[in-house]
Amino acid sequence: MRTVLVAGCFALGCSSPNKPPSTAPEPTLTTAAPPVDRPGGLVPPQPTLRLPRNFLPTAYDLKLDIDPSKAKFQGVAAITGKVSEKSSVIWLHGFHLETNGAVAKGAAGEIPLEVTPKGEDLLELRAQQPLDAGVWTIQIAYTAELDPVNTTGAFKQTVTGKTYVFTQLEALFARRVFPSFDEPNIKVPFTLALRVPKALVAVANTPMTKETADGNMKVVEFAPTKPLPTYLVAFGIGPFEVIDAGKSKRGTPVRIVTLAGRGADAAYAVQTTARILDATEDYFGIPYPYEKLDMLTIPLTVGFSAMENAGLITTTEADMLMDPKQPSQARKLDWFGTAAHEIAHQWFGNYVTPEFWDDIWLNEGFATWLGSKITAKLEPAWRGDQQLVSLVHAALDADSIVSARKIRQPIESVGDIHTAFDGITYLKGASVLRMIESYVGEDVFQRGIREYMAGRAWGNATSADFVASINKASVGKPVDAAFASFLDRGGAPEIAMTTSCRGGKVELQLSQRRYLPPGAPEPAASTPWIIPVCVAYDKAGKRAEQCTMFDKQSAVVALDTKTCPRWVMPNVDGRGYYRNVYTTQQVIALRDEAWSKLSWVERRALHFDMSNAATTGKLPLALALSFTPKMLAGSDGLAVSAALELPNGFAQIVPDDLRGKYEVWLRQQFAAAANAIGFTPKDTDTLDVETMRLDLVRTVAWTAREPALVAEAVKLADRWRELPEAIRGTVLQIAVETRPEVFEKTLREIAAEPDRQRRKEMFLALGGVRDPARFKTALALVLDAKIDVREATRLVFMAKTEATRETAKQFVRDNLAAILARMPTAQTTNPIAGLSYVFTASCRADQRDAIADYVTKTFGSMQGGDRVVKQAIEGMDQCIARRKLLDPEIKAWLGGLRVPKK
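Under our numbering, the first residue of the sequence shown is numbered 1, with each subsequent residue one higher.
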């Protein structure tokens, strides 16, 4: 699943450093053991996190009667399974299901069951007489909801007057659609039949086997699935347009299933999906596990953007559909990365599934890593290696919060499951995989993955299983302890390196500690990380490389050279998951002597390090900014974007009296290149040019207010809807800010705009205004009944200035009850608790305690809210500390800047 990470972004148990980590206890191999049956096994007590094991399903047969125009649907679930010992009570999951009768069918005949909802999502099935040990089929008739707001369970959405039904069952939402044993380690076949209106199309995990007319309805039957956990079951119903997208090399049929009238907009998905499937199949060396692959479009989602359902991947309209005449490279990359991520899941997550949610990183970290790898292989022009460096540093930023999760976080509550889908699971998980792969070698790592998959086909596995497979493949290079040190603890290491050249010996002295930014609370002392470290260094004028496993607080590594290196690059290709500490002399050597010998990937990784060091007071700001001309040279779009990140990061903390000089500095550094590109695309544009138009031109026009670019944008905005998608949003935003009449016109037209992507651009433009009065007017859209709150809520997070941040806070305070009444509540990531970030974004020391108290009391008790609130408060504390630390440096930097006379 691809998640939408909440603002403020984005664990393997080990008993000893030399033993693969293990989850326990039996039989579920997880951090939360199932309830124990009472003596005699007749009446298991009401469970909490896990269901009792006295009944385990072996197959489901689901018959669902669904009309998208209705508020509810009817179903009959027949669950065949084994009763381990004579039992009077069976427990299943079921959320807001109205049961209409239940019976257990076995060799002894039929026994009626009394179904009683317990708690929020449990069903107690009490038999009139005990069920003997053996095979039974539990049949339950029920009614369930088609949710019109939440995008979980079975939900419906209406687009241009046509209503569709979709599903999203990960993590705990299958129980909203059918009674079930809703845990990932129960993998069994599902047989599905859907009774739907005759004019509609129905799709599911497997191919249709039969369609039978039934008056104005029809019954669509699907082939039994391969063994699946409940969260991977999926279906869709609606007036879909179904497009043949060819077949894979091994003959798997691929289809794009999209919204009525939108087939042409899915052209790029049609062109690329089978190609991605082939490359992923080649990597695993195992045929695609399912009979077909459909890619299904969902108009709008909350909390996720795509889902890896077996054979029926869902993605949002924003990911899949794009203007076929003028698709931007950025939108193509978004689609490609999303499809590669979800297709990778068909093996890693679907074919082999984690035992429980504490190992969900095996799904999401792996799919993030392999999806990026496949994208880089198939589309090298997009320079996936540089994209991966960005991924690593996004993970390091998420990990700088001391209260951040571990990759493999113990699951102690339902809230822990929901908060597991975050930047740590996805980005840090992927970064650690990339680091270990680099250390053992790509071929060795791939061999370990193939062994892991082959040995657990159609089953479940744990982190310990995965690590053992990689360890087995990497003969002579054990990595179990290294894996454990990153998976089972939070935070990231920070490594300092110094060179010693004495008596003909050249040594690299290493030391490590936990990275802590200013304002972070001091965590408890911990043991050293076990880190694969690879360095590049000067060897008599040539580049050399050397790797070591750094497993102590400090260590000395002999370098293979007789001459003292003039420079050392501490992280080859940016593959290590660690931050670096530099002296000023080391930085100057890398900038002035090593630069030509570093790859662009390493230059970008180094620049990330410089930016972080400057904003945390570890290096002078002027030194970090001296890399800007280096990053601009060569017109590498990704490098230019990286060069903008440091100065753009100051936008929130530059004092108002220096704002004008800040804008002047940006224009001095970047305006010439930005004006040369301009807003208007050309047929000859490369990916680099488009990237710079998205980032460089936008920064110079919007943040620095370059007059020529502002004038160009205002002129183009008269026909903004006709512009290429790559520039539409920025052009409209500048015009809305500059011309009050465009703001008013956009405000009037947004509710009637039929195109979802253009509506998004209108929201971004309205939410970006700097004037607090106009921003307050825009915020009223959040409460407008004509506006979909799932689209409008983004406005409260978009404040660009101190004044508009205050406006956003006051709006949420004043209207919290009304906002909560409209917002989705049942998502994998909690969007309501995420409102904490509206308040903690203030970065003001004088408001810190009041804000912390308010968000804790208001959002902290919500499901998963405690962790969200803690991280939001800690992020605010770090921002306040950073602001205080940088204030004199920013004043020194901008105070002496000469402003040209107009």
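C-beta: ideal position from N, C-alpha, C; glycine also.
Inter-residue Cα distance where the pair is residue i and residue j
i, j, result
"Asp814", "Phe608", "40 Å"
"Glu281", "Pro287", "6 Å"
"Ala344", "Ala367", "5 Å"
"Trp893", "Met549", "40 Å"
"Asp61", "Pro179", "11 Å"
"Pro629", "Glu645", "14 Å"
"Leu666", "Val899", "12 Å"
"Arg275", "Pro380", "14 Å"
"Lys428", "Asp422", "10 Å"
"Arg844", "Ile880", "6 Å"
"Leu333", "Leu123", "44 Å"
"Leu897", "Pro518", "27 Å"
"Arg882", "Thr615", "7 Å"
"Gln810", "Thr273", "46 Å"
"Ala540", "Glu593", "13 Å"
"Trp361", "Leu396", "16 Å"
"Gln878", "Leu590", "29 Å"
"Arg489", "Ile407", "7 Å"
"Val149", "Asp67", "17 Å"
"Leu487", "Val714", "50 Å"
"Leu696", "Arg331", "18 Å"
"Leu228", "Asp688", "43 Å"
"Ile417", "Trp357", "6 Å"
Of the residues the options, the one placed nearest residue i, counting alpha carbons only
i, options, result
"Leu638", "Arg50, Lys901, Asn648 and Ser390", "Ser390"
"Leu42", "Val76, Ala102, Gln128 and Thr80", "Gln128"
"Glu545", "Trp529, Lys597, Leu766 and Ala704", "Lys597"
"Ala107", "Ala133, Val533, Leu123 and Leu200", "Ala133"
"Thr699", "Phe650, Asp685 and Leu716", "Phe650"
"Arg126", "Ala850, Lys86, Ala144 and Thr206", "Lys86"
"Lys884", "Gly617, Gly678, Glu451 and Trp665", "Gly617"
"Arg822", "Met798, Gln810, Glu806 and Thr793", "Thr793"
"Glu437", "Val352, Glu741, Glu744 and Val479", "Val479"
"Ala144", "Glu98, Val188, Pro184 and Ile111", "Glu98"
"Gln652", "Leu508, Pro130 and Asp887", "Asp887"
"Pro239", "Phe166, Lys247 and Lys210", "Phe166"
"Ser599", "Gln386, Glu342 and Asp685", "Gln386"
"Ile734", "Ala726, Trp702, Ile401 and Lys715", "Trp702"
"Lys118", "Thr858, Ala555, Leu56 and Leu92", "Leu92"
"Ala71", "Leu131, Pro52, Val467 and Gln157", "Gln157"
"Asp538", "Pro47, Leu508, Lys870 and Phe839", "Leu508"
Element boundaries [alpha helix (DSSP H), containing residue i]
i, result
"Met876", "Gly865 to Gly895"
"Met823", "It is not in any alpha helix (DSSP H) - Met823 carries neither H nor E in the DSSP assignment."
"Arg255", "First-last for Arg255: Pro253 to Thr258, but that is the beta strand (DSSP E), not the alpha helix (DSSP H)."
"Met631", "Thr628 to Leu632"
"Asn648", "Gly637 to Gly649"
"Thr584", "Thr584 to Ala589"
"Asp465", "Ser463 to Ala473"
"Asp853", "Arg848 to Phe859"
"Tyr439", "Gly429 to Val440"
Cβ distance (whole Å) where residue i is taken to contact residue j below 8 Å
i, j, result
"Val203", "Phe235", "7 Å"
"Ala674", "Glu712", "Not really, about 11 Å apart at Cβ, beyond 8 Å."
"Val731", "Phe679", "6 Å"
"Ser474", "Val506", "Going by Cβ atoms, the distance from Ser474 to Val506 rounds to 28 Å, so no, they are not a contact pair."
"Gly365", "Leu433", "6 Å"
"Thr316", "Ser305", "5 Å"
Extent of the continuous beta strand (DSSP E) to which residue i belongs
i, result
"Gln168", "Lys162 to Gln168"
"Thr143", "Gly134 to Glu145"
"His418", "Element bounds for His418: not the beta strand (DSSP E) but the alpha helix (DSSP H), Val414 to His418."
"His341", "Element bounds for His341: not the beta strand (DSSP E) but the alpha helix (DSSP H), Gln329 to His345."
Within-8 Å CB hit, residue i to chain D
i, result
"Ala676", "The structure shown contains no chain D; it is built from a single protein chain."
Hey, is the stretch 454-471 in contact with the stretch 498-518, meaning 3+ C-beta pairs nearer than 8 Å?
Because the criterion of three Cβ pairs below 8 Å is not met, the stretch 454-471 and the stretch 498-518 do not touch.
Counting beta carbon pairs with one atom in the stretch 475-494 and one in the stretch 573-582, are three or more of them shorter than 8 Å?
The answer is yes - the stretch 475-494 touches the stretch 573-582, with three or more Cβ pairs under 8 Å.
Three or more C-beta pairs under 8 Å: does that hold for the stretch 147-164 against the stretch 97-112?
no
Assess contact between the stretch 737-756 and the stretch 775-790, defined as three or more Cβ pairs (one per stretch) separated by less than 8 Å. Is contact present?
yes
Would you call the stretch 760-773 in contact with the stretch 798-807, where contact means no fewer than 3 C-beta pairs closer than 8 Å?
yes
Three or more C-beta pairs closer than 8 Å, one from the stretch 336-350 and one from the stretch 369-376: is that the case here?
yes
Do three or more CB pairs link the stretch 398-412 to the stretch 839-858 at distances below 8 Å?
Segments in contact, no.
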